[in-house]
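Following: one structure in structure tokens, then a few remarks.
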Amino acid sequence: MPKSKKSVLPLHSKKKGGKGQPDVASLLPQMGASFNPRSFPLSPYMVLASFCLWICIGLAAYKSLLFFGTYRTIQPDSDGSSCDVHLKRSFEENLKIAENYSSGDAGPYIKRIGSQLYGETFAGTPAPRELPQIPPVVTAVSSAEFFQVQGLIRDIEDVNKSGKVAIKLIIFDLGMYSKEKELMQKHCNCEVRSFDVGHYPDHISVFANKAYQPILIQNILEEFGSVIWIDPTVKLKDARDLSMLKFRGSHDFFLWDEEIFNSVIAYTHAKMFEFFGEKPCTFADMGMMDTSAIVLYRTNMTWLGIMKPWLKCALSVNCISPKGAKNSECFYWLRPKSTGCHWFAQSAFSIIVNRVFQFSSHIDKLTIPRFTTKEDVELVYHFPEQPWTYAEILFVLILPVMVCGALFLMYQRRTRAKLMQHLRR
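All the letters of the sequence shown, read from the start, carry residue numbers 1 to 425 under full-length UniProt numbering.
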């Protein structure tokens, strides 16, 4: 009798796992696997990779919040597309507007700055049309610019050694370490001065806003009658070119705009325009001024048209550094509209000079060829002695940690290798 068909069909377990499907859990022990988490140990490299990933996520979230904060400060109606307020045609009218700028908190301080006691009018002695010597070169240096400023020192010393020209260099200390200041006084053939921020409002001590710049310039103007301001991070093309600045002729100053055009609107906080009583759209076609190199002569026009309104702003925190103003996380692609960033003292200087002199429209009449450049500004080791750099200090601090970490990893690898050998036995 033939066997039943049921006897030749395979029998399947009716446990969990689906109809006609074997139970995976019952097969795992036969395959030598289990659900024990210890069967999947995390290597140090996986832990490090996970840590780095979370750090990147945190940084991305933080930067996103910063950009969002910047975006909230941008006013969409400041592009100048429809503006009912324009610069006056008459120089006298524009100067009158600048003279009426708010003094804010600056009133008591302005009257004390310099050797002259200023009232509402200029009380100084005008600089002669031909100076007996080159105006003094002035800069301000913190610890961060200690190595860069040595390039400027070297260029001026090389010219002075020739004996054909004599250039006086004055360096203001904005927070150099004691060793750096000692080396500066020892090896720099210049005058190193301190800047006491205690005589001014609290925000002057925040050097990032460069509110100190007009204060230092005005003090030197009072003392010498003229000044060449040069930032420590720029280079002289040829220091001998400074000799032409002895002859001012009918000029009260020599200024330059930024080499690459940047609209005043793009890098000025809306609250600064409010302080001056100006509308942003008025300056839609005006460019930012270059404050890394400024040449001023002590005249009535320099005081009324530049220094007085600039000092009013610099000494008033609501003007120079409005709440929320910063120079980072900029929306550069929105130029020439507002990028959400603020250039502090440079922004104020640009508003004033373009209001009074309409500089962007009369560059050919108010400037001369540049004698400075911002390209290829590198660290210079001109002094025979140098302090330790931050990189060197950091390397010395990290080196023991790196050595200990390497020894620990080597110890772990040797221990793991011995354990594997023991298990193979």
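We treat Cβ as the ideally placed atom computed from N, Cα and C, and that holds for glycine.
Can you tell me which of the three DSSP states residue i falls into?
i	result
G287	strand
E223	helix
L169	strand
R355	helix
A61	helix
L42	coil
A293	strand
I230	strand
S7	Low confidence applies here, because S7 scores a pLDDT of 49, under 50, leaving its location unreliable and the question unanswered by this model.
S50	helix
K235	strand
W343	coil
L304	helix
L27	Low confidence applies to L27: its pLDDT is 49, below 50, so where it sits in the model is not reliable, and the reading given next is rough at best. Helix at L27.
L255	strand
F261	coil
F247	strand
Y411	helix
R424	helix
S350	helix
T282	helix
G107	helix
E92	helix
N209	helix
E329	coil
K337	coil
F275	helix
V317	helix
R240	helix
K323	coil
Measure the beta-carbon distance from residue i to residue j and round it to whole angstroms, keeping in mind my assumption that it falls under 8 angstroms.
i	j	result
I74	S338	5 angstroms
T282	L87	6 angstroms
P280	I260	Not confirmed; about 20 angstroms, so no contact.
L255	V353	6 angstroms
M288	D257	7 angstroms
S205	V197	4 angstroms
A345	K210	4 angstroms
What does a CB cutoff of less than 6 angstroms around residue i pick up in its chain, not counting 5 residues either side in sequence?
i	result
P214	W310, L311 and A314
Q150	V380 and H382
V317	H203
I228	P135, V137 and V295
F224	P136
I'd like the list of long-range same chain contacts for residue i, defined as Cβ closer than 7 angstroms, with 5 residues on each side in sequence excluded.
i	result
T299	P126, A127 and D252
C319	G104, M272, F275, C313 and A348
E99	L304
G249	R129
V396	none
F359	L255, D257, M289, V353 and L366
Within a Cβ cutoff of 8 angstroms, which residues of the same chain sit near residue i, ignoring the five residues on either side of it in sequence?
i	result
M176	V141, S142, S143, F146 and M184
S292	I230, D231, T233, V234, T372 and K374
K237	R370, F371, T372 and T373
Can you find at least 3 beta carbon pairs, one from the stretch 165-175 and one from the stretch 356-369, that sit closer than 8 angstroms? Touching, no.
Any beta strand (DSSP E) of 3 or more consecutive residues that is wholly inside the stretch 128-193: If we require 3 residues or more, the beta strand (DSSP E) runs fully inside the stretch 128-193 come out as 137-141 and 169-173.
Measuring CB atoms only, is the stretch 313-328 touching the stretch 148-163, in the sense that at least three cross pairs come out at less than 8 angstroms? Fewer than three beta-carbon pairs drawn from the stretch 313-328 and the stretch 148-163 are found closer than 8 angstroms, and the two stretches are therefore not classed as touching.
What runs of the alpha helix (DSSP H), each 4 residues or longer, lie entirely inside the stretch 363-408? Listed in chain order, the complete alpha helix (DSSP H) runs (minimum 4 residues) inside the stretch 363-408 are 363-366.
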